[in-house]
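Peer 1: Chains as they are written, first to last, in the working numbering: chain A, 1 to 313; chain B, 314 to 403.
Below is the structure I would like to discuss, written out as structure tokens.
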């Protein structure tokens, strides 16, 4: 009997996955971008199989937004304090990493690639989740707890679009998925681990320049809808605050516009197109600042907020 | 001859709550304007205006408590709009 065609990366035979990575490449279809990954770093295959388990197996020929290649260090760096190096379409955006941190290097490299290349969209530095057709945009400075909150929402009934990129379609300001594993740092790894003990998490990488890093794998439902856009409804500027259980404060739309524009990867580059797209997005959204220490309360209240938000203003 | 102020051509203005955001097509810069600055800019976009006309506009818009600082306010708004190249002397 012929075996069923393998639909997802998680179902591949590990040897076949290693062979694909070492050969024509493994395709990561993230929704708004398709990235081809090639690598001779053997441990990477198993890690990717966990983090991208739900992603479809796709042919490695065709057009991609980028091809990233990770290889082991050359010469002495293959053996002595071994390193891994990342190339993006032949160029090296970062210095090599220690060989035991392939996933952080890959994920940051892909982030860098998206942030510098995907200029057919307005790219906000934000997490994005969606429920009932309404998207919550979570722009935040690093360290504000954005990824923790995004992960918590994504494991409580919200569809995950991204924890790093708010990809805004210029024509109508809808958000597009840039679906990738959620990068968690330091304490947030255990927080999310307790919050969603059944969620698939990749290995921990201590001693990165951001501390200890681990990644939460996107769920299959979010992956299957990675080509579905979402209408913006709510913009939340989150900040974890140990002194505040939960506080949601309205933000003037004009001020939210300014904060989003400053927190964008390419607002200035796109000129009038980004101005139009961002003003339209803000016009469709209710905007708030959130201070919280209770993840349970934050997720519950944001669920209610989205349920009663009317995206048509 | 009285100095007149004109708005730069092609400005895109969007009202968001009580303030406005403006895009300058020549510099590709974006600006957030408070209510006073937005009112003056739209006033000047209609046609060139003198300082006295702008002062009359702002006198109508300001709260009574702010009236003593009207002159300084007018100068400040005009100067700030000039600095970011949204208006210029006609």
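Built from N, CA and C at the ideal position, the CB exists for glycine as well.
1. Beta carbon of residue 136 of chain A, beta carbon of residue 158 of chain A: below 9 Å?
2. Under three-state DSSP, which class holds residue 324 of chain B?
3. Is the CB of residue 152 of chain A under 9 Å away from at least one CB in chain B?
4. Under 7 Å Cβ-Cβ, which residues of chain B neighbour residue 253 of chain A?
5. When you compare the CB of residue 3 of chain A with every CB in chain B, is at least one pair closer than 9 Å?
6. Near residue 87 of chain A, what residues of its chain come up, given a Cβ to Cβ distance below 6 Å and the 5 sequence neighbours on each side ignored?
7. Quick check: what's the CA-CA separation for residue 261 of chain A versus residue 139 of chain A?
8. May I have the straight-line CA-CA distance separating residue 300 of chain A from residue 92 of chain A, to the nearest angstrom?
9. Please report the Cβ distance between residue 342 of chain B and residue 401 of chain B, rounded to the nearest whole angstrom; I am assuming they are in contact, meaning their Cβ atoms lie under 8 Å.
10. Using the DSSP secondary-structure output, state which residues sit across from residue 237 of chain A in a beta bridge.
11. Output the distance between the C-alpha atoms of residue 162 of chain A and residue 187 of chain A, rounded to the nearest integer angstrom.
12. Given a threshold of 16 other Cβ atoms within 10 Å of its Cβ, counted over all protein chains shown, does residue 36 of chain A qualify as buried or as exposed?
13. Less than 9 Å between CB atoms is the rule here; does residue 343 of chain B satisfy it with respect to chain A?
14. Out of curiosity, what's the CA-to-CA distance linking residue 202 of chain A and residue 271 of chain A?
15. Which residues in chain A sit within 9 Å of residue 390 of chain B, going by Cβ to Cβ distance?
16. Can you name the residues that DSSP bridges to residue 178 of chain A?
17. Look up residue 298 of chain A in the DSSP assignment and say whether it is helix, strand or coil.
18. Looking at the structure shown, is residue 314 of chain B part of a helix, part of a strand, or coil, going by DSSP?
19. Is residue 377 of chain B close to chain A? Criterion is C-beta to C-beta, closer than 9 Å.
20. On the DSSP letters alone, give me the boundaries of the beta strand (DSSP E) that residue 333 of chain B sits inside.
21. Name the DSSP bridge partner or partners of residue 208 of chain A?
22. The ligand PLP heavy atoms versus the CB of residue 24 of chain A: any closer than 8 Å?
23. Looking at C-alpha atoms only, which residue of A:211, A:194 and A:177 is the closest neighbour of residue 224 of chain A?
24. Go ahead and label residue 94 of chain A buried or exposed: buried means 16 or more other beta carbons lie within 10 angstroms of its beta carbon, across all protein chains shown.
25. If the cut is a Cβ gap below 7 Å, which residues of chain A does residue 362 of chain B touch?
26. Taking all protein chains shown into account, do 16 or more other C-beta atoms lie within 10 angstroms of the C-beta of residue 141 of chain A, making it buried, or fewer, making it exposed?
27. What residues of chain A sit near residue 334 of chain B, judged by a beta carbon separation below 8 Å?
28. Could you check if residue 378 of chain B is buried or exposed, using at least 16 other CB atoms within 10 Å of its CB as the buried criterion?
29. With distances taken between CB atoms, is the gap from residue 217 of chain A to residue 233 of chain A smaller than 9 Å?
30. Enumerate in chain order the residues of its own chain whose CB-to-CB distance from residue 208 of chain A is below 7 Å, with the five nearest sequence positions on each side excluded.
31. I'd like to know if residue 381 of chain B contacts chain A, where contact means its C-beta is closer than 9 Å to some C-beta of that chain.
32. Among A:235, A:153, A:229 and A:236, whose alpha-carbon lies nearest the alpha-carbon of residue 195 of chain A?
33. State yes or no: is the beta carbon of residue 271 of chain A nearer than 9 Å to at least one beta carbon in chain B?
34. Rounded to whole angstroms, what's the CA-CA distance from residue 383 of chain B to residue 375 of chain B? Just pull it up for me.
35. Taking 9 Å as the CB-CB limit, is residue 309 of chain A close to chain B?
36. Leaving aside the five residues before and after residue 147 of chain A along the sequence, list all residues of the same chain whose C-beta is less than 7 Å from its C-beta, in chain order.
Peer 2: According to the structure shown:
1. Against a cut-off of 9 Å, the Cβ pair of residue 158 of chain A and residue 136 of chain A comes out as a contact.
2. DSSP places residue 324 of chain B in coil when its eight states are reduced to three.
3. It does not; no Cβ of chain B falls within 9 Å.
4. By Cβ distance, chain B contributes 329 and 330.
5. Confidence is the limiting factor: at residue 3 of chain A the pLDDT is only 45, short of 50, which leaves the residue's position unreliable, though a coordinate-based value still follows. No, residue 3 of chain A lies away from the interface with chain B (no Cβ there is under 9 Å from its Cβ).
6. Excluding sequence neighbours, residue 87 of chain A sits near 69.
7. Those two C-alpha atoms are separated by around 10 Å.
8. The C-alpha of residue 92 of chain A is placed about 43 Å away from the C-alpha of residue 300 of chain A.
9. The pair is not a contact, with the Cβ atoms about 15 Å apart (cut-off 8 Å).
10. In DSSP, residue 237 of chain A forms a bridge with A:289.
11. Straight-line Cα distance between these residues: approximately 20 Å.
12. Residue 36 of chain A comes out buried.
13. Residue 343 of chain B has a beta carbon lying within less than 9 Å of a beta carbon in chain A.
14. C-alpha separation (whole angstroms): 39 Å.
15. Simply none; closest approach about 17 Å.
16. Under DSSP, residue 178 of chain A forms a beta bridge with A:31.
17. Of the three classes helix, strand and coil, the one that applies to residue 298 of chain A here is helix, per DSSP.
18. The three-state reading of DSSP puts residue 314 of chain B in coil, since its state is none of H, G, I, E or B.
19. No, residue 377 of chain B lies away from the interface with chain A (no Cβ there is under 9 Å from its Cβ).
20. Residue 333 of chain B -> beta strand (DSSP E) spans 332–336.
21. Residue 208 of chain A is bridged by DSSP to A:211.
22. Although the ligand PLP was asked about, the structure shown includes no ligands whatsoever.
23. Measuring from the Cα of residue 224 of chain A, the nearest candidate turns out to be A:177.
24. Classification of residue 94 of chain A: exposed, given that the 10 Å Cβ count is below 16.
25. Here the premise fails: no neighbours, minimum Cβ distance about 24 Å.
26. With fewer than 16 Cβ atoms within 10 Å of its Cβ, residue 141 of chain A is classed as exposed.
27. Ordered by position in chain A, the residues that pass the 8 Å Cβ test against residue 334 of chain B are 254, 257, 258, 275 and 279.
28. Exposed.
29. Against a cut-off of 9 Å, the Cβ pair of residue 233 of chain A and residue 217 of chain A comes out as no contact.
30. Excluding sequence neighbours, residue 208 of chain A sits near 101 and 104.
31. Chain A, which has no Cβ nearer than 9 Å to the Cβ of residue 381 of chain B, makes this no.
32. Looking only at A:235, A:153, A:229 and A:236, the smallest Cα-Cα distance to residue 195 of chain A is reached by A:153.
33. Closer than 9 Å to some Cβ of chain B, the Cβ of residue 271 of chain A qualifies, so yes.
34. Going from the Cα of residue 383 of chain B to the Cα of residue 375 of chain B covers about 8 Å.
35. Residue 309 of chain A is outside the set of residues whose beta carbon lies under 9 Å from a beta carbon in chain B.
36. Excluding residues within five positions, the ones whose Cβ falls inside 7 Å are 127, 163, 182, 183, 184 and 188.
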